[in-house]
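Taking it in order: structure first as structure tokens, then the write-up.
In my numbering, the protein residues as written are 17 to 351.
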């Protein structure tokens with residue numbers, strides 16, 4: 017099928033099946049902008065392609081997702097994601113706040129330099145943070161992790177919301193915490209005080225498909241599903257599963273563009289502020305005898321302060337069941 021893309025941006029398409037085995041056409045448009053020193057945006061000279069698979073911070077499956085696969089189903093709401101580092105404003109910084117706001121969506125965290133658990137007469141406490149220059153905002157530096165210290169495997173456990181983090185302790189743990197690293201990233205209103213506190217993991221990145229609370233929307237894959245529906249999605253699958261931002265950073269619906277973006281603590285000057293582009297892409301699918309509009313919604317806003325880029329990802333989904341062979345062309349342009 018031919019794509020007539022009249023925009024300067026990258027495109028892709030796929031044909032997934034829904035829960036009823038009906039074919040859908042999902043069209044993806046990805047715009048990449050460079051963040052300039054003045055704080056404005058320029059269309060990147062080289063547009064990044066639509067990413068086909070996840071890219072991880074380390075070993076796949078054992079580390080957090082740095083960049084989510086973009087060639088996939090449409091999301092029911094806009095995800096806002098930040099990839100980058102907390103960058104100290106001055107030498108000797110031991111802790112600082114990092115914040116992100118995109119229109120009505122916002123989040124703030126406290127970032128500490130290296131800290132370790134230390135034992136004492138009254139139990140464990142956390143040492144004072146050491147000075148730092150920059151600290152990755154990846155979930156590896158947030159509260160979470162796995163605890164397989166017990167000789168009894170039944171006592172092994174993990175933080176289901178962030179199994180790659182640090183500081184987690186199972187209920188029946190044999191783990192010796194003295195001198196182990198404490199999380200660098202915390203909620204300013206709910207600090208970790210002792211091992212096993214169970215505070216909510218904090219971050220700005222993508223969460224894994226097998227992490228909570230995302231996993232709860234995946235549906236039920238039991239014996240009945242295996243016998244009656246496999247390989248189709250279970251009937252209790254919820255489209256919210258496709259949203260991959262931290263729960264605090266998924267909008268209540270779709271953002272429209274033109275929203276104000278403010279980032280604090282991720283660049284050497286300290287603050288970034290600009291408006292999202294207000295462009296409105298439109299698309300149509302041309303079939304053998306007619307054409308159908310493909311409504312495009314802003315699915316993901318990815319701000320990368322390491323690369324100083326921001327990408328906007330629109331997706332549109334239409335039912336084309338038993339019409340796939342009639343598909344001739346997709347036309348896309350800016351309204």
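Virtual Cβ for every residue (Gly too), placed ideally from N, Cα, C.
In terms of CA proximity to residue 86, 95 leads the group 79, 95 and 78. Rounded to whole angstroms, the gap between the alpha carbons of residue 150 and residue 102 is 5 Å.
Secondary-structure assignment with DSSP links residue 350 through a beta bridge to 297. Closest in C-alpha terms to residue 78, from the list 161, 300, 310 and 228, comes 161. DSSP, reduced to helix, strand and coil, places residue 242 within a helical segment of the structure shown.
Per DSSP, the continuous beta strand (DSSP E) segment holding residue 82 begins and ends at 81-83. Contact check between the stretch 51-70 and the stretch 113-124: fewer than three CB pairs, one atom from each, fall below 8 Å, which does not count as touching. By a beta-carbon distance limit of 8 Å, residue 279 does not contact residue 201. Their separation comes to about 15 Å.
Taking C-alpha positions only, residue 50 is separated from residue 57 by approximately 6 Å. Leaving aside the five residues that flank residue 303 on each side, the residues in its chain whose CB is nearer than 7 Å to its CB run, in chain order, 339, 342, 343 and 344.
C-alpha of residue 283 to C-alpha of residue 54: approximately 13 Å in a straight line. For residue 329, the closest alpha carbon among the candidates 152, 136, 165 and 63 is that of 63. The beta carbon of residue 132 lies closer than 7 Å to those of 143, 195, 196, 197 and 198 in the same chain, with the five residues before and after it left out. By the Cβ criterion, the stretch 167-179 is in contact with the stretch 226-239, since at least three pairs of Cβ atoms, one from each stretch, lie closer than 8 Å. Ranked by Cα distance from residue 262, the options 128, 231, 186 and 287 are led by 231. For residue 150, the enclosing beta strand (DSSP E) starts and ends at 150-152. Annotation: residue 54 is outside any beta strand (DSSP E) and is labelled neither H nor E by DSSP. Judged by beta-carbon spacing, residue 34 lies beyond the 9 Å limit of residue 312, meaning their Cβ atoms are not closer than that value. Boundaries of the beta strand (DSSP E) around residue 29: 26-30. Comparing C-alpha distances from residue 42 to each of 156, 331 and 348 shows the shortest one belongs to 331. Between residue 267 and residue 119, the C-beta gap is smaller than 9 Å, which places the two residues in contact. Under DSSP, residue 174 shares a beta bridge with 162. For residue 169, the three-state secondary structure derived from DSSP is helix. Residue 323 has its alpha-carbon roughly 14 Å from the corresponding atom of residue 61. Residue pairing for residue 94: DSSP places it in no beta bridge. In this structure, residue 207 and residue 97 do not form a Cβ contact; the two beta carbons are roughly 24 Å apart against a cut-off of 8 Å. In terms of Cβ geometry, residue 187 and residue 171 form a close pair [threshold 9 Å]. For residue 343, there is no enclosing beta strand (DSSP E), as DSSP gives it neither H nor E. Looking at the DSSP output, residue 320 shares a beta bridge with 99 and 325. The residue among 32, 31, 147 and 28 with its C-alpha nearest the C-alpha of residue 107 is 147. The residue among 82, 243 and 128 with its C-alpha nearest the C-alpha of residue 281 is 128. The beta carbon of residue 135 sits closer than 6 Å to the beta carbons of 194 from its chain, once the five residues preceding and following it are set aside; these are given in chain order. Here residue 254 carries a coil assignment [DSSP, helix/strand/coil]. In this structure, 209 is the residue among 209, 109 and 173 with its C-alpha nearest to the C-alpha of residue 140. Between residue 254 and residue 235, the gap from beta carbon to beta carbon is short of 9 Å.
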